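Sequences listed follow chains G and Z, in order.
Residue numbers for the first sequence follow the UniProt record's numbering, so the first one is 1 and each next one is one higher.
Residue numbers for the second sequence follow the UniProt record's numbering, so the first one is 1 and each next one is one higher.
The beta-carbon is built from N, C-alpha and C at its ideal position, and this holds for glycine as well.
Being a predicted model, the structure only gives us computed values, none of them experimental.
The next block holds one structure in the form of structure tokens; read it before the comments.
There are 2 protein chains.
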Amino acid sequence: MFLPNAREVLDHKIALARSYGFTPVSPGDLAVPETETRHQRGLAISAINESLMSSADLIIANLTPFRGVAADIGTAFELGFMCARGCPAFAFSNCTENHFERVSGLYGGEVRLGPDGRHRGPDGFALENFDMADNLMLDGGIAARNGAVITRKVAPDRLFLDLTAFEECLNLAAERLLKTAASA
Amino acid sequence: MFLPNAREVLDHKIALARSYGFTPVSPGDLAVPETETRHQRGLAISAINESLMSSADLIIANLTPFRGVAADIGTAFELGFMCARGCPAFAFSNCTENHFERVSGLYGGEVRLGPDGRHRGPDGFALENFDMADNLMLDGGIAARNGAVITRKVAPDRLFLDLTAFEECLNLAAERLLKTAASA
Numbered sequence: 001m002f003l004p005n006a007r008e009v010l011d012h013k014i015a016l017a018r019s020y021g022f023t024p025v026s027p028g029d030l031a032v033p034e035t036e037t038r039h040q041r042g043l044a045i046s047a048i049n050e051s052l053m054s055s056a057d058l059i060i061a062n063l064t065p066f067r068g069v070a071a072d073i074g075t076a077f078e079l080g081f082m083c084a085r086g087c088p089a090f091a092f093s094n095c096t097e098n099h100f101e102r103v104s105g106l107y108g109g110e111v112r113l114g115p116d117g118r119h120r121g122p123d124g125f126a127l128e129n130f131d132m133a134d135n136l137m138l139d140g141g142i143a144a145r146n147g148a149v150i151t152r153k154v155a156p157d158r159l160f161l162d163l164t165a166f167e168e169c170l171n172l173a174a175e176r177l178l179k180t181a182a183s184a
Numbered sequence: 001m002f003l004p005n006a007r008e009v010l011d012h013k014i015a016l017a018r019s020y021g022f023t024p025v026s027p028g029d030l031a032v033p034e035t036e037t038r039h040q041r042g043l044a045i046s047a048i049n050e051s052l053m054s055s056a057d058l059i060i061a062n063l064t065p066f067r068g069v070a071a072d073i074g075t076a077f078e079l080g081f082m083c084a085r086g087c088p089a090f091a092f093s094n095c096t097e098n099h100f101e102r103v104s105g106l107y108g109g110e111v112r113l114g115p116d117g118r119h120r121g122p123d124g125f126a127l128e129n130f131d132m133a134d135n136l137m138l139d140g141g142i143a144a145r146n147g148a149v150i151t152r153k154v155a156p157d158r159l160f161l162d163l164t165a166f167e168e169c170l171n172l173a174a175e176r177l178l179k180t181a182a183s184a
């Protein structure tokens with residue numbers, strides 16, 4: 001919902017999800033009530049998003065790095081929320097550099113392996129080095145729920161627009177979930 | 001657990017939590033089993049952290065911005081996880097600049113209010129402007145569970161070491177939870 005053409009991209013994602021047999025929920029499904037302050041408005045949007053998540057059976061999270069080395073932090077909250085609910089979780093990222101490579105880049109490559117077996121930047125802070133797309137809680141939460149993280153290299157100007165990896169998640173989720181439901 | 005002196009800071013936090021009547025769980029409570037690959041090790045640590053969270057009754061999340069404009073993304077996952085479990089949630093940050101101010105800084109102040117009522121950077125991406133410490137899902141999740149986000153300005157070299165705001169969360173949590181339990 002941060003994109004300049006958020007509505008257009010969202011409509012495309014909704015149409016794709018429907019084409020795979022899912023009924024998507026999305027920001028914008030429910031109107032935000034009038035509030036007196038900006039802070040109250042933020043709380044109202046949060047409440048709507050939580051209620052939509054609580055009505056959903058699975059999540060496909062966009063982990064494409066956003067404004068820095070990591071995925072959008074609101075998305076990380078939502079992924080944790082859905083994992084705690086025991087829901088199948090999938091994710092995609094239009095960046096194929098993994099977490100360790102991105103944080104190393106942030107340190108300009110000045111990363112050293114210490115005597116404790118951990119890599120650290122010049123500030124002494126440790127880097128996770130687990131061949132994962134992002135922080136281990138995210139990749140781990142998805143793996144523990146039989147999901148998958150699909151990464152794909154796209155043209156820089158398509159970083160937040162290319163939906164190929166998203167569609168691959170839909171395909172995987174449909175195979176694993178809708179067929180299970182159909183045979184149940 | 002990213003800090004150079006992580007064990008020392010963790011021990012200090014554990015002692016503080018105990019002094020307020022809580023029984024804290026922390027990374028390091030359980031040994032990580034031997035694994036063949038780095039990826040498997042990451043998954044094993046995730047599984048341990050999830051089991052510790054599932055054994056806990058509340059969370060105090062450190063939302064101090066980490067390696068960029070937002071809180072640590074693993075912490076955001078954990079906060080979402082605990083919110084979905086219906087647990088009381090508190091947070092602290094040793095940064096008093098709010099989310100909007102930090103993202104504006106990332107854009108060098110080049111932020112304009114558009115005709116749709118949203119602030120956007122030069123890349124066209126929207127900024128949340130809700131007088132919140134971080135993304136609205138985080139602040140909103142905490143508020144919805146009767147928690148609080150405590151922010152505090154500290155000396156730059158104490159950014160990840162000062163535990164005053166953490167202790168304020170402990171104090172609030174003890175007032176709201178332990179007294180309730182005692183009177184129940």
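The C-alpha of Z:Arg112 lies about 44 Å from the C-alpha of Z:Pro24. The alpha carbon of Z:His12 has as its nearest neighbour, out of Z:Leu177, Z:Arg176, Z:Phe166, the alpha carbon of Z:Phe166. Beta-bridge pairing by DSSP links Z:His119 to Z:Leu113, Z:Leu127. For G:Gly86, the closest of G:Asn5, G:Ala6, G:Leu58, G:Pro122 by C-alpha to C-alpha distance is G:Leu58. Note that the segment 31-40 of chain G does not touch the segment 141-160 of chain G; fewer than 3 beta-carbon pairs, one per stretch, sit closer than 8 Å. For Z:Ser93, DSSP records a beta bridge to Z:Thr151.
What Z:Leu43 touches in chain G, judged by beta-carbon distance under 7 Å, is Gly140, Ala143, going in chain order. Burial state of Z:Gly121 is buried, judged by a 10 Å Cβ sphere holding 16 or more other Cβ atoms.
For Z:Ala61, the pairing in a beta bridge is given by DSSP as Z:Ala91. Beta-bridge pairing by DSSP links Z:Gly68 to G:Gly68. In the structure shown, the three-state DSSP call for G:Met132 is coil.
If you look at G:Gly42, you'll find it in the alpha helix (DSSP H) that goes 38-54. The Cβ of Z:Arg67 sits closer than 8 Å to at least one Cβ of chain G. In the structure shown, the three-state DSSP call for G:Val32 is coil. The segment 45-64 of chain Z makes no contact with the segment 121-130 of chain Z; the number of CB pairs closer than 8 Å stays below 3.
According to the DSSP assignment, G:Arg176 belongs to no alpha helix (DSSP H), since it is labelled neither H nor E.
Rounded to whole angstroms, the separation of the alpha carbons of Z:Glu168 and Z:Ser19 is 13 Å. Neighbourhood of Z:Arg85 in chain G, by CB distance below 7 Å: Ala84, in chain order.
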